[in-house]
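Chemist: According to the UniProt record's numbering, the sequence shown holds residues 1 to 308 in order. Every residue gets a Cβ at the ideal spot worked out from N, C-alpha and C, and that includes glycine.
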Amino acid sequence: MRNDTSSPKTNPTTDETVDATRARVRRVRRNRRAAWLGSGAVVAIGAIVGSGFALQSAAADQELRIAETTALAESTDRGIDQLTAAGGLLEAHAVKKAEDTLKAADDTIAKAKGKADATELASSVASLEDYTYLAPERVFELADQATKQVDDVTAKVKEFDRKAAEKAAAEKAAAEKAAAEKAAAEAAAAEEASASAAPSYPSGPANPSGAQATARDLMASMYGWGSDQFGCLVDLWNKESGWNVYAQNPYSGAYGIPQALPGDKMATAGADWATNAATQIKWGLGYIAGRYGTPCGAWSHSVSVGWY
Numbered sequence: 001m002r003n004d005t006s007s008p009k010t011n012p013t014t015d016e017t018v019d020a021t022r023a024r025v026r027r028v029r030r031n032r033r034a035a036w037l038g039s040g041a042v043v044a045i046g047a048i049v050g051s052g053f054a055l056q057s058a059a060a061d062q063e064l065r066i067a068e069t070t071a072l073a074e075s076t077d078r079g080i081d082q083l084t085a086a087g088g089l090l091e092a093h094a095v096k097k098a099e100d101t102l103k104a105a106d107d108t109i110a111k112a113k114g115k116a117d118a119t120e121l122a123s124s125v126a127s128l129e130d131y132t133y134l135a136p137e138r139v140f141e142l143a144d145q146a147t148k149q150v151d152d153v154t155a156k157v158k159e160f161d162r163k164a165a166e167k168a169a170a171e172k173a174a175a176e177k178a179a180a181e182k183a184a185a186e187a188a189a190a191e192e193a194s195a196s197a198a199p200s201y202p203s204g205p206a207n208p209s210g211a212q213a214t215a216r217d218l219m220a221s222m223y224g225w226g227s228d229q230f231g232c233l234v235d236l237w238n239k240e241s242g243w244n245v246y247a248q249n250p251y252s253g254a255y256g257i258p259q260a261l262p263g264d265k266m267a268t269a270g271a272d273w274a275t276n277a278a279t280q281i282k283w284g285l286g287y288i289a290g291r292y293g294t295p296c297g298a299w300s301h302s303v304s305v306g307w308y
């Protein structure tokens with residue numbers, strides 16, 4: 001089923017008509033309520049005079065009012081024609097009915113603005129505002145009509161709000177989905193770029209001599225490392241000792257080309273560890289292989305933290 005989430009449209013002129021009608025009926029209401037209550041009292045008195053009770057004593061008049069009140073209390077199941085016998089009490093009930101209905105209608109019209117067409121309800125309100133000139137039966141009829149229209153307009157307002165909420169929820173979900181997809185795409189692109197980016201390592205001398213040449217030959221024969229690892233080893237030990245067999249750190253006491261700490265650790269590679277470059281290189285290559293895997297691994301660590 002197609003779900004139409006578009007917001008319902010209302011005619012701006014309809015809202016203007018409703019507003020104008022409401023303004024008019026408010027003026028009528030203020031001017032006529034007092035007149036209505038006064039006319040209700042006259043009708044009640046007229047009913048009493050017309051029936052011959054005007055000549056009764058004050059006590060009889062009081063008894064009549066008590067009887068009318070009792071009759072109204074028992075009139076739940078009676079028709080309008082029977083309620084008419086209550087005279088002024090029936091008219092007072094009509095006033096209450098009209099006022100309550102008009103209040104509910106005004107509230108509904110205000111809530112419907114921009115959401116639902118309340119023109120018919122506003123027309124009924126205008127008619128009901130003339131209750132000061134209407135018979136109670138007509139007041140009740142108009143009040144019932146307005147109440148039904150209030151229910152109809154309220155239902156339309158609720159439907160408008162439901163569709164508006166659905167549209168807002170759909171737009172929010174779409175925005176969140178788009179944001180999530182964008183974030184996922186950016187993360188994937190960053191991961192791909194990181195995986196495809198080759199690390200930059202230093203390259204060794206093309207024609208090394210002395211200790212560096214010895215190291216190149218030993219790393220290939222002992223560990224199978226090629227020229228890609230040789231450049232890292234050259235820069236690593238340049239940084240540590242400058243490839244000097246007798247280099248010693250005055251602060252830590254590290255010694256030799258690989259800067260073993262303490263230097264006599266290199267005795268595991270040969271008794272001449274203090275003076276022989278090859279012995280120091282063998283020990284240093286073993287240390288690198290066991291701790292960092294490769295010379296480039298040791299070099300990356302040294303660049304990161306300053307030592308290896």
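1) Bridge partners of residue 255, per DSSP?
2) Identify whether residue 133 lies in helix, strand or coil by the three-state DSSP scheme.
3) Could you tell me the alpha carbon to alpha carbon distance between residue 151 and residue 110, rounded to whole angstroms?
4) How is residue 273 classed by DSSP in three states: helix, strand or coil?
5) Going by other Cβ atoms of all chains shown within 10 Å of its Cβ, with 16 needed for buried, is residue 34 buried or exposed?
6) Taking C-alpha atoms, which residue in 301, 130, 272, 239 lies nearest to residue 95?
7) Mapping DSSP to helix, strand and coil, what is residue 237?
8) What residues in its chain sit with their C-beta under 8 Å from that of residue 202, if we drop five residues either side in the sequence?
9) Can you list, in chain order, the residues of its chain with a C-beta nearer than 8 Å to that of residue 124? Leave out the 5 residues immediately preceding and following it.
10) Would you kindly check if the distance between the Cβ of residue 121 and the Cβ of residue 153 is under 8 Å?
11) Less than 8 Å between the C-beta atoms of residue 89 and residue 128, yes or no?
12) Indicate the three-state DSSP secondary structure (helix, strand or coil) for residue 160 in the structure shown.
13) Pop quiz: residue 229 and residue 219 are said to be a contact at Cβ under 8 Å. What is the actual Cβ separation, rounded to whole angstroms?
14) Just verifying my parser: in three-state terms, what is the DSSP assignment at residue 294?
15) Measure from the alpha carbon of residue 240 to the alpha carbon of each residue in 281, 208, 209, 213, then state which is nearest.
16) Identify the continuous alpha helix (DSSP H) that holds residue 266 and give its terminal residues.
17) For residue 305, count neighbouring Cβ atoms within 10 angstroms of its own Cβ and tell me buried if that reaches 16, exposed if not.
18) Which residue marks the beginning of the alpha helix (DSSP H) containing residue 123, and which one marks its end?
19) Measuring CA to CA, which of 268, 266, 277, 271 is closest to residue 242?
20) Do residue 279 and residue 266 have their C-beta atoms closer together than 8 Å?
Modeler: This is what the structure gives:
1) Counting from one through the sequence shown, the residue named residue 255 turns up at place 255. For residue 255, which the question treats as bridged, DSSP gives the partners 248, 260.
2) As a first step, residue 133 must be located in the sequence shown, where it is residue number 133. Here residue 133 sits in helix by DSSP.
3) Sequence index remark: in the sequence shown, residue 151 carries index 151 (1-based). Sequence index remark: in the sequence shown, residue 110 carries index 110 (1-based). Going from the Cα of residue 151 to the Cα of residue 110 covers about 14 Å.
4) As a first step, residue 273 must be located in the sequence shown, where it is residue number 273. The answer is coil: DSSP assigns residue 273 none of H, G, I, E or B.
5) The residue given as residue 34 occupies position 34 in the sequence shown. Residue confidence is low: residue 34 scores 46 on pLDDT, short of 50, so the model does not pin down where it sits. Its coordinate-derived value is still stated next. With fewer than 16 Cβ atoms within 10 Å of its Cβ, residue 34 is classed as exposed.
6) By one-based count along the sequence shown, residue 95 stands at place 95. Nearest of 301, 130, 272, 239 to residue 95, Cα basis: 130.
7) If you number the sequence shown from 1, residue 237 lands on position 237. Helix at residue 237.
8) Position 202 of the sequence shown, counted from the first residue, corresponds to residue 202. Here the set comprises 231, 232, 234, 235, 299.
9) The count along the sequence shown starts at 1 and reaches residue 124 at position 124. Result list for residue 124: 105, 142, 145, 146, 149, in chain order.
10) On the sequence shown, residue 153 is found 153 positions in, with the first residue counted as 1. On the sequence shown, residue 121 is found 121 positions in, with the first residue counted as 1. Yes, they are a contact pair.
11) Here residue 89 refers to the residue found at position 89 of the sequence shown. Here residue 128 refers to the residue found at position 128 of the sequence shown. No.
12) Numbered from 1 along the sequence shown, position 160 holds the residue referred to as residue 160. Note: residue 160 maps to helix in three-state DSSP.
13) Taking the sequence shown and counting its residues from 1, one reaches residue 229 at position 229. Taking the sequence shown and counting its residues from 1, one reaches residue 219 at position 219. The Cβ separation is near 7 Å, so the contact holds.
14) Locating residue 294 in the sequence shown gives position 294, where the first residue counts as 1. If DSSP states are grouped into helix, strand and coil, residue 294 belongs with coil.
15) To locate residue 240, count along the sequence shown from 1; it is residue 240. If we check each option's Cα against that of residue 240, 281 comes out closest.
16) Here residue 266 refers to the residue found at position 266 when the sequence shown is read from its first residue. Residue 266 -> no alpha helix (DSSP H), and no H or E assigned at all.
17) The residue you call residue 305 lines up with position 305 of the sequence shown. Exposed.
18) To locate residue 123, count along the sequence shown from 1; it is residue 123. Per DSSP, residue 123 belongs to the alpha helix (DSSP H) from 119-128.
19) Along the sequence shown, one-based indexing puts residue 242 at 242. Residue 242 has its Cα closest to that of 277, out of 268, 266, 277, 271.
20) Here the question's residue 279 lines up with position 279 in the sequence shown. Here the question's residue 266 lines up with position 266 in the sequence shown. Yes, they are a contact pair.
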